[in-house]
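Visitor:
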Amino acid sequence: MLNKSTFVTLLALFLLGSLTYAIKQKVIELDGELSQVHRTMAQYQESMHILNAEWAYLTRPSRLQALVEEHTRLHQSQGVALVSYDDVFNPQQSRESYEDNTSGMRLASLKDR
Amino acid sequence: MQKPWEQSASDFLPGSRPQGRHYRQALDMAHNRLVIASILFVFILVGIAGRLVFIGVNQDMGEPLFVHDAVHSKFHQGRSDIVDRNGVVLATTVTTSSLYANAKKVLDAEIAAKMLAKALPGYSEKKLFKKLTSNRPFIWLARHLTPKQRDRIMHLGIPGVSFRKDSKRLYPHGRLVSHVVGLTNIDDHGIAGLEKSNEQFLLTEGKELALSLDVRVQHAIRDELQKGIEEFSAAGATAIVMDLENSEILGMVSLPDFNPNKNVKLTDPAYFNKATVGMYEMGSTFKILNTAMILESGKADLSTTYDTSEEIKIGRFSITDYRAKHGIINVAQIFVHSSNKGSIKMALDVGTEGQQEFMRKVGCLSRCNIEIPERGRPLIPRHWREANTMTISYGYGLAISPLHLLNSVASLLGGGCRKEATLLKGGAQDRPCDRVIKADVSSKMRQLLRLVVVKGTSKKADVPGYFIAAKTGTRNMLSKSGQYNKDRVATSFVGIVGESVDKPRYIVVALLEDPKGLKKTFGFTAAGWNVAPIGGRILGRVAPLLGLRPHPDRLNKGFDPFLQTVDFTKNKK
């Protein structure tokens, strides 16, 4: 007949073994999920990669220019359309500086005020 | 009573005589053997149990827990992307599916070919049938199918037909950056352009190759050149735009060009990169180098005068000036009115050796160090004599590429340090200044070029509000017999744009091959009528695109006082 200590030891052994097995199975499960996540990420990365290429194709400057010319009345940006802070908020100071210009250029938007 | 084990065998056998000691010995031996065998079995069982526990507890047993598909567990792109300076994709590799057949397993080739031809409209049913009846275990039917095409074919469920993962190099911008980016062959190896020169990087580094190009600038250049070719019925054109601050090329176009997404024969003329391989005599744009040379040598300054009324002969040829100022004129007038005779006298003052050394210093005598394999070597006189010195002074007799012209003029106008254009973002970082000319000589050159725009032959290159400084050149093209053809010219343009004379920012070099005279040009084919307005339009588009504001108040500031006293009006003959 088994004495108490032997019985307890055997029981403990059994429980520990079961626990170890259960933990290991859980880890295997999580590992499987991780692999699945990696596979999904790789698929998304590939999709994004293709979408980037498609975006570059759809936003070709020649295509955009053709679309703008066909569907809008926008013109190419001119240097005279670029203004500084002073041009907007300190027009007097700005006007004095550009009236000195000998090439005859005027900022059209300010001239119209 | 005698115990059983104390009994001997003879107690049981009839007629045997009991032998107590031997029997006990036999029993002991049997007993021992039994014990040993039991212990052995216990060890084996313990070993098996232990192994079971070990397997149960241990994770890494060397065998995979799951089948890891190499393609799906991590995204492998293969060949890296090539992008512009803003991250826009110029070249990329995509995974495709290619269709193949094991002709031996195809049950009904006729029906299979019909179904496949219906699913793939671009493929001939006859050719598919021929492949399906070839009896080969592996034969390609269609390469690089789109996902939709693949799904259509999969749903057909044709036996003997299957897919294999493939990869294809794509160029979303097509011909826009073809000469710079280059292309790959069917085995995905680079065979031209940056694809070829950066083969190892693209295959092994795993990160994208960032170029200095800006696709918006590239398009602006290409658009204007294309319009110019159509307007003047030119044979071809090329242009390069570079940032003077960091020597990075923002745009490089050579027309005609090619589409790298389609099969290209490398012998096709469109494949020829005029910007880096084409060698041209640059005509009067070379006077920038000639004038900088004499100013740097100290043998003349802006006010030094030369007599251009005297006849100058080179062999049996008499040198003339095309619509230039005549008489005794100074260096500034010689340059602004592009006097050939004046340029010759300036060059002779420096001398042949001095001229050679200067050309070497600015990089006109050797191949350019640019990152593409298509680089030409200048055509240099075999025996550089005085006659060559004279002709080179006004741009004949030394043939260089537009890239050479860009590098040399950028060095002269961009502050005086040697500049070598790069196609990679950050490619010219931390380069020490290798001084070619003094900073004040560089400033004087910029002032002279500005005067060419205001008073000279480049008026059509001006852009309101911006500091534009430019020089044009026109030279006769060589005929097949080696003689100069008076009716056919090549015109060149060099221009810079900036905020003021002290802050030049971008430089453009443009060249037009064989432009024709028009009604609006009064039949003239000189550079001031064709390539100058093209160059001006390129600068006018690029400057606001890159955020450069016009400063009309600074256009005339910072000029040498002497230049304000010079009379630049042409005198009548």
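Chains as they are written, first to last, in the numbering used here: chain R, 735 to 847; chain L, 30 to 602. Note that beta-carbon positions come from the ideal geometry of N, C-alpha and C, so glycine has one too. Note that the coordinates shown come from a computational prediction; the quantities given were computed from them, not determined experimentally.
(1) With DSSP collapsed to three states, give me the class of L/S422.
(2) Please decide whether L/L199 counts as near chain R, where near means a Cβ-Cβ distance under 8 Å.
(3) Determine, for L/V64, whether the minimum Cβ-Cβ distance to residues of chain R falls below 8 Å.
(4) What number of angstroms, rounded off, separates the C-alpha of L/S326 from the C-alpha of L/S109?
(5) So, L/L119 versus L/L452, is the Cβ gap smaller than 8 Å?
(6) Taking the C-alpha atoms as reference points, what is the distance between L/I269 and L/L254?
(7) Taking the alpha carbon of L/T229 as the reference point, which residue from L/G280, L/G107, L/L242, L/T175 has its own alpha carbon closest?
(8) Please give me, in chain order, every unbroken run of the beta strand (DSSP E) with length at least 3 that falls completely inside the stretch 464-524 of chain L.
(9) What are the complete alpha helix (DSSP H) segments, minimum 4 residues, inside the stretch 91-176 of chain L?
(10) So with CB distances below 7 Å, who are the chain L contacts of R/T754?
(11) Report the CB separation of L/V246 from L/V526 in whole angstroms; it is logged as a contact under 8 Å.
(12) In chain L, what lies closer than 8 Å to R/V771 by C-beta?
(13) Please state if the CB of L/R251 and the CB of L/L205 are separated by a distance shorter than 8 Å.
(14) Distance cutoff 8 Å, beta carbons only. Does L/A572 sit that close to anything in chain R?
(15) Of all the residues that make up the stretch 564-598 of chain L, which are near chain R by a beta-carbon distance shorter than 8 Å?
(16) What residues in the stretch 805-821 of chain R have a beta carbon less than 9 Å from any beta carbon of chain L?
(17) Only counting the same chain, and skipping five residues up and downstream in sequence, which positions put a Cβ closer than 6 Å to that of L/I363?
(18) Along the beta strand (DSSP E) that carries L/M271, what are the first and last residues, could you check?
(19) Which class does L/T594 belong to by DSSP, given the choice of helix, strand or coil?
(20) Could you check whether L/L540 and L/A519 sit closer than 8 Å to each other, using their CB atoms as the reference points?
(21) L/A146: which of L/T598, L/Y309, L/R181 sits nearest, CA to CA?
(22) Quick one: which residues of the stretch 173-207 of chain L get their C-beta closer than 8 Å to a C-beta of chain R? List them in chain order.
(23) State buried or exposed for L/A99, treating a residue as buried only when at least 16 other CB atoms are found within 10 Å of its CB.
(24) Could you check whether the Cβ of L/T554 sits closer than 8 Å to any Cβ belonging to chain R?
(25) Please compile the residues from chain R whose C-beta is within a distance smaller than 7 Å of the C-beta of L/H248.
(26) Beta carbon of L/L157, beta carbon of L/L170: below 8 Å?
(27) Inspect the beta-carbon positions of L/Q384 and L/A376 and report whether they are closer than 8 Å.
(28) Exposed or buried, which one is L/W558 when buried takes at least 16 other CB atoms within 10 Å?
(29) Measure the alpha-carbon distance for L/H101 versus L/L435 and round it to whole angstroms.
(30) By DSSP, does L/L541 sit in helix, in strand, or in coil?
(31) So for L/A239, helix, strand or coil by DSSP?
(32) Using a 10 Å radius around the Cβ and a threshold of 16 neighbouring Cβ atoms, would you call R/V802 buried or exposed?
(33) Is the CB of R/N824 under 8 Å away from at least one CB in chain L?
(34) Can you check whether the C-beta of L/V118 is within less than 8 Å of a C-beta belonging to chain R?
(35) Going along the stretch 780-792 of chain R in order, which residues come within less than 7 Å of chain L, judged by CB to CB distance?
Guide: Taking the coordinates as given:
(1) If you number the second sequence from 1, residue 422 of chain L lands on position 393. Helix.
(2) Sequence index remark: in the second sequence, residue 199 of chain L carries index 170 (1-based). For L/L199, the answer is yes, since a Cβ of chain R falls inside 8 Å of its Cβ.
(3) Here the question's residue 64 of chain L lines up with position 35 in the second sequence. No, because no Cβ of chain R sits closer than 8 Å to the Cβ of L/V64.
(4) Taking the first residue of the second sequence as position 1, residue 326 of chain L is located at position 297. Taking the first residue of the second sequence as position 1, residue 109 of chain L is located at position 80. In a straight line, the C-alpha of L/S326 is about 49 Å away from that of L/S109.
(5) Your numbering for residue 119 of chain L matches position 90 in the second sequence. Your numbering for residue 452 of chain L matches position 423 in the second sequence. No, they are not a contact pair.
(6) Translated into the one-based positions of the second sequence, residue 269 of chain L becomes position 240. Translated into the one-based positions of the second sequence, residue 254 of chain L becomes position 225. Straight-line Cα distance between these residues: approximately 11 Å.
(7) Indexing the second sequence from 1 puts residue 229 of chain L at position 200. Before going on, a small fix: residue 229 of chain L reads as Gln here, not Thr. Comparing Cα-Cα distances from L/Q229 to each of L/G280, L/G107, L/L242, L/T175, the minimum goes to L/G107.
(8) 496-507
(9) 99-102, 138-148, 154-161
(10) Position 20 of the first sequence, counted from the start, is the residue given in the question as residue 754 of chain R. Those within 7 Å of R/T754 in chain L are G85, V86.
(11) As a first step, residue 246 of chain L must be located in the second sequence, where it is residue number 217. As a first step, residue 526 of chain L must be located in the second sequence, where it is residue number 497. So it is not a contact: roughly 12 Å between Cβ atoms.
(12) Sequence index remark: in the first sequence, residue 771 of chain R carries index 37 (1-based). Simply none; closest approach about 10 Å.
(13) Counting from one through the second sequence, the residue named residue 205 of chain L turns up at place 176. Counting from one through the second sequence, the residue named residue 251 of chain L turns up at place 222. Yes, Cβ-Cβ distance for L/L205 and L/R251 is below 8 Å.
(14) Looking up residue 572 of chain L in the second sequence gives position 543. Yes, L/A572 lies at the interface with chain R (some Cβ there is under 8 Å from its Cβ).
(15) G569, R570, A572, P573, L574, G576, L577, R578, P579, P581, D582, L584, N585
(16) Q810, S811, Q812, G813, V814, A815, L816, V817, S818
(17) Position 334 of the second sequence, counted from the start, is the residue given in the question as residue 363 of chain L. Hits under 6 Å: G371.
(18) For the purposes of this step, residue 271 of chain L is identified with residue 242 of the second sequence, where counting begins at 1. 265-272 is the span of the beta strand (DSSP E), which, as asked, contains L/M271.
(19) Working through the second sequence from its first residue, we reach residue 594 of chain L at position 565. Residue state, collapsed to three classes: helix.
(20) Position 490 of the second sequence holds residue 519 of chain L. Position 511 of the second sequence holds residue 540 of chain L. Yes. Within cutoff.
(21) Mapped onto the second sequence, residue 146 of chain L falls at position 117. Closest by alpha carbon: L/R181.
(22) L199, P201, H202, G203, L205
(23) Sequence index remark: in the second sequence, residue 99 of chain L carries index 70 (1-based). Residue confidence is low: L/A99 scores 45 on pLDDT, short of 50, so the model does not pin down where it sits. Its coordinate-derived value is still stated next. Exposed.
(24) Reading the second sequence from its first residue, position 525 is the one you call residue 554 of chain L. Not an interface residue.
(25) Along the second sequence, read from residue 1 onward, the residue named residue 248 of chain L stands at position 219. The contacting residues are P795, S796.
(26) Taking the second sequence and counting its residues from 1, one reaches residue 157 of chain L at position 128. Taking the second sequence and counting its residues from 1, one reaches residue 170 of chain L at position 141. It is a contact, given that the beta carbons lie within the stated cut-off.
(27) Here residue 384 of chain L refers to the residue found at position 355 of the second sequence. Here residue 376 of chain L refers to the residue found at position 347 of the second sequence. Yes, these two residues count as a Cβ contact at 8 Å.
(28) Position 529 of the second sequence, counting from 1, holds the residue named residue 558 of chain L. Buried is the call here.
(29) To locate residue 101 of chain L, count along the second sequence from 1; it is residue 72. To locate residue 435 of chain L, count along the second sequence from 1; it is residue 406. The pLDDT assigned to L/H101 is 46, lower than 50, so where the model puts this residue is not dependable; a value taken from the coordinates is nonetheless given after this. Taking the straight line from one Cα to the other gives about 48 Å.
(30) Counted from its first residue, the second sequence places residue 541 of chain L at position 512. If DSSP states are grouped into helix, strand and coil, L/L541 belongs with the strands.
(31) Against the second sequence, residue 239 of chain L aligns to sequence position 210. L/A239 falls in the strand class under three-state DSSP.
(32) Reading the first sequence from its first residue, position 68 is the one you call residue 802 of chain R. Its Cβ having fewer than 16 others within 10 Å, R/V802 is exposed.
(33) Along the first sequence, read from residue 1 onward, the residue named residue 824 of chain R stands at position 90. It does not; no Cβ of chain L falls within 8 Å.
(34) Counting from one through the second sequence, the residue named residue 118 of chain L turns up at place 89. So yes, L/V118 belongs to the interface.
(35) E780, H783, I784, N786, A787, A790, Y791
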